[in-house]
Amino acid sequence: MSAEDRTAEEDTSLELPAPTSEEADVEVEREGDAPEPAELDADTKARRDAALRHVRKFGDPVLRATALPVERFDDDLKVEVQRMGELMHDALGVGLAATQLGVLHRVLVYKAYVDDPVTALVNPVLEWTSDELELGDEGCLSLPGVHVEVERHAQLRVRARDETGKEVEVEAEGLEARVIQHEIDHLNGVLILDLISRDARKEAMRAMREAQESHEHRPADAT
0 MSAEDRTAEE
10 DTSLELPAPT
20 SEEADVEVER
30 EGDAPEPAEL
40 DADTKARRDA
50 ALRHVRKFGD
60 PVLRATALPV
70 ERFDDDLKVE
80 VQRMGELMHD
90 ALGVGLAATQ
100 LGVLHRVLVY
110 KAYVDDPVTA
120 LVNPVLEWTS
130 DELELGDEGC
140 LSLPGVHVEV
150 ERHAQLRVRA
160 RDETGKEVEV
170 EAEGLEARVI
180 QHEIDHLNGV
190 LILDLISRDA
200 RKEAMRAMRE
210 AQESHEHRPA
220 DAT
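Start counting the sequence shown at 0; every next residue gets the next number (numbering that gives the first Met the number 0).
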């Protein structure tokens with residue numbers, strides 16, 4: 000069905016219901032110069048916690064879903080991209096995919112370095128990746144307490160559109176390339192747990208359980 004034939008109600012159906020239980024505090028993909036969570040002032044921590052409550056966590060089936068191409072470049076998409084950028088910023092993250100918010104759109108936003116603007120990639124397609132691979136630590140907003148070493152292409156070229164529908168092409172390396180690959184994986188239902196060894200995955204699952212248990216045993220008035 001074309002975008003023109005789709006109703007607003009049908010578009011809304013792409014967003015799955017938000018979790019009703021309170022989400023655990025998580026270790027996030029932080030901006031390069033962002034303070035550690037323990038160092039945050041009260042207002043920043045409150046914004047961070049509020050942003051993280053919108054992010055779907057491990058076990059939510061939407062994280063295993065394949066996002067659908069965006070066909071309608073309208074004001075609703077611009078609002079969606081703006082909201083994603085704001086949540087990413089408030090969570091002190093460097094990247095966010097629409098599926099992490101329960102929206103099955105092929106949309107991602109990222110800001111790899113503090114002085115960079117937020118970049119939105121709609122319907123991203125990897126056109127080229129380098130033969131050179133690099134190991135690097137990755138966390139994930141959707142995986143509380145997990146940080147693992149993941150092998151990624153050191154350089155890439157991606158073709159996409161921005162939120163207005165304008166064609167864009169990004170050539171990236173280093174952290175920027177890593178973030179783009181991480182978020183595109185999310186759009187394909189792939190998590191960093193899928194890219195590591197069985198032993199590393201067991202350790203990651205243990206870290207998630209410990210993070211959850213720590214959250215559950217916090218005092219009721221803790222923030």
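Glycine included, every Cβ here is placed at the ideal spot set by N, Cα and C.
query                                                                                                                                             : result
What three-state label does DSSP hand HIS88 in the structure shown?                                                                               : helix
Where are the alpha helix (DSSP H) runs, 4 residues long or more, that stay fully inside the stretch 128 to 213, in chain order?                  : 173 to 186
Our contact map puts GLY94 next to LEU103 with C-beta atoms below 8 Å; I'd like the distance itself, whole angstroms only.                        : Contact doesn't hold; Cβ gap of about 18 Å is too wide.
Tell me the DSSP secondary structure of ARG95 in three-state form.                                                                                : Before going further, note that residue 95 is Leu rather than Arg in the sequence given. Reduced to three states, the DSSP call for LEU95 is strand.
Using the three-state DSSP reduction, which class does THR118 fall into: helix, strand or coil?                                                   : strand
By DSSP, does LEU39 sit in helix, in strand, or in coil?                                                                                          : coil
Could you check where the beta strand (DSSP E) with LEU100 kicks off and where it finishes?                                                       : Premise fails: LEU100 is in no beta strand (DSSP E) and is neither H nor E.
Within 10 angstroms of its Cβ, does THR163 collect 16 or more other Cβ (buried), or is it exposed?                                                : exposed
What's the C-alpha gap between GLN99 and SER141?                                                                                                  : 7 Å
Taking 8 Å as the threshold, find out whether the stretch 128 to 148 comes into contact with the stretch 40 to 48 through three or more Cβ pairs. : no
If you check the beta carbons only, do GLY188 and THR65 fall under 8 Å apart?                                                                     : yes
I'd like to know whether the C-beta atoms of ILE179 and TYR109 end up nearer to each other than 8 Å.                                              : yes
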